[in-house]
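Have a look at the structure below, then the notes.
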Amino acid sequence: MDNPAQLITEPLYPEIKAYPWEAALFQCRPVRRLKHLSHFGGASFLSPVVHSRFEHTVGVWKLTAFYFPNDIELRVAALLHDIGHLPFSHAMEEALAFNHHQLTEMYILEPEISTILQGADLDAQKIISLLNNSSAITGKGNILGLDHLDSFLRDTYMAGECSRLPCDVLRDIKCTPEGIETDLATGNYVMKLILADHKLFLSPIMVAIDRLLAESVKLHWQETTAHNREAFARKTDAEVIAILTTSPSFKARKLIDMLRYEPFKIRINEVETGEGYPISIRKIYQKAPLCEGKILTELSERARQVLEDLKKLAFHFEVVVDLEEELVD
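Under full-length UniProt numbering, residues 1 to 329 are what the sequence shown spells out, in order.
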């Protein structure tokens with residue numbers, strides 16, 4: 001391609017000029033694979049939030065380069081931070097005993113990426129160390145970082161929940177090595193987006209879809225000896241759907257078909273009866289921006305209320321589908 005920058009695009013933030021090694025990394029297979037992974041996991045079957053891990057990655061890289069233009073290692077860490085994600089992102093990671101952070105390390109050390117880093121006189125182990133420790137990308141302690149900032153801005157934009165364009169919000173945001181810092185009004189707006197995003201992707205139906213996706217893969221693996229865990233981790237969403245739609249497991253085929261075309265058959269029981277699969281949220285978010293050098297929750301009652309409202313999203317339910325006689329042992 002005459003203009004590699006055409007591959008490095010997303011619509012929310014100002015354009016950033018990539019260094020040659022960044023352009024090369026964006027063109028390598030582990031990063032390009034992110035274009036074929038839904039950022040919202042299985043929830044993309046129902047939600048209008050359908051952007052990929054690639055757009056999110058470009059966004060986090062842009063934000064990092066915007067705030068830290070001369071920190072080459074941090075920029076590269078932002079670019080590579082998500083390459084270990086599984087198909088449908090978090091949908092299958094815990095249930096199938098994967099760790100995307102470990103996979104990210106492994107992929108960085110493989111020749112396709114490590115050769116590019118060596119050519120730019122960058123140490124792969126330093127990049128891994130940045131990813132394994134708190135930084136502006138993750139945010140230190142309870143401070144919001146650039147990775148989650150992009151998720152909250154991008155997800156709520158796609159869901160129609162934001163009242164300000166993300167590029168406009170950036171004018172009122174600074175970023176220190178500890179994380180995001182902003183004024184009181186913008187901080188409260190960001191907290192509003194955090195709550196809106198969590199209400200969507202932690203809603204019982206969205207969590208249920210992720211659980212049923214994981215169950216369909218388990219059912220498939222029970223019926224075949226041909227699977228390879230490491231190879232599965234490198235697949236795309238579409239490749240997993242293709243595997244499940246042609247699975248030797250009748251139950252796996254029925255589940256993936258239902259998730260794609262008949263999600264109205266999913267039923268949530270708020271009391272566990274044992275007739276379905278238990279579901280619960282993964283974790284409750286507790287981070288906030290800095291304001292005047294302090295965590296926003298120390299200054300704002302509205303911000304403190306958001307954290308209380310986030311806690312209320314916790315649940316322990318079960319998911320049942322209309323095909324439960326066939327699908328649940």
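Don't be surprised by glycine CBs; every beta carbon is placed ideally from N, CA and C.
Residue 180 holds the alpha-carbon nearest to the alpha-carbon of residue 292 among 45, 180, 233, 224.
Between the alpha carbons of residue 171 and residue 311 lies a distance of about 30 Å. Secondary structure of residue 94 (DSSP, three-state): coil. The alpha-carbon of residue 305 is positioned some 11 Å away from that of residue 298. Around the beta-carbon of residue 150, 16 or more other beta-carbon atoms lie within 10 Å, marking it buried. Within the same chain, Cβ atoms closer than 6 Å to the Cβ of residue 219 are found at 249, 251, 252, the five residues on either side in sequence being excluded.
Assignment of residue 111 by DSSP, reduced to helix, strand and coil, places it in the helix class.
Around the Cβ of residue 287, a 10 Å sphere holds 16 or more other Cβ atoms; the residue is buried. Non-local C-beta neighbours of residue 101 in its own chain, meaning closer than 8 Å and more than five positions away in sequence, comprise 84, 131, 132, ordered along the chain. Closest in alpha carbon position to residue 208, among 33, 223, 279, is 279. For residue 67 and residue 213, the gap between their C-alpha atoms comes out near 38 Å. Counting only the Cα atoms, residue 233 lies some 18 Å from residue 256. Distance from the CA atom of residue 106 to the CA atom of residue 140, rounded to whole angstroms, is 24 Å. In this chain, the alpha helix (DSSP H) harbouring residue 301 covers 301-311. For the set 185, 146, 40, the Cα lying nearest the Cα of residue 296 is the one of 185. Between the alpha carbons of residue 320 and residue 276 lies a distance of about 5 Å. The continuous stretches of alpha helix (DSSP H) do not include residue 176, which lies in the beta strand (DSSP E) extending over residues 173-176. In this structure residue 259 does not touch residue 41 by the C-beta definition: roughly 12 Å separates them, more than the 8 Å allowed.
In the DSSP assignment, residue 316 is bridged to 280.
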